Every structure is written in C-alpha cells, then in structure tokens.
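Have a look at the structure below, then the notes.
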Amino acid sequence: MSSKLALIYHDLAVLLDAGLPIIKSLDTVSEGLQG
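Residue numbering for the sequence shown follows full-length UniProt numbering, beginning at 1 and increasing consecutively.
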C-alpha cells in the first residue's frame, strides 16, 4: 500500500511540474488508479 501511495505522489508531482492545474492533475491521477 505504501508503495502505491508513493507512486501516486510521484505521478502528481510530475504532473504539477509539467504545469497542469492541480485539479486537473488530481483528476488524471484518480483516472489512472481506476484503470
């Protein structure tokens, strides 16, 4: 579980570094988790 959480934070950090708005980033991460 902790490794999955770390992956989520990593993906979110990459998206934010790319300049995406935070809401869009959270939506993208949650979509990735759902499949």
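The C-beta atom is built at its ideal place from N, Cα and C for all residues, glycine as well.
Just so you know, these numbers come straight off a predicted model, no measurement behind them.
Query: Between the CA atoms of alanine 13 and alanine 6 - distance to the nearest angstrom; Result: 10 Å
Query: Secondary structure of glycine 32, DSSP reduced to three states; Result: helix
Query: Contact check, leucine 16 vs isoleucine 8, beta carbons under 8 Å; Result: no
Query: Cα-Cα separation between lysine 24 and serine 3, rounded to whole angstroms; Result: 23 Å
Query: Three-state secondary structure assigned by DSSP to alanine 18; Result: coil
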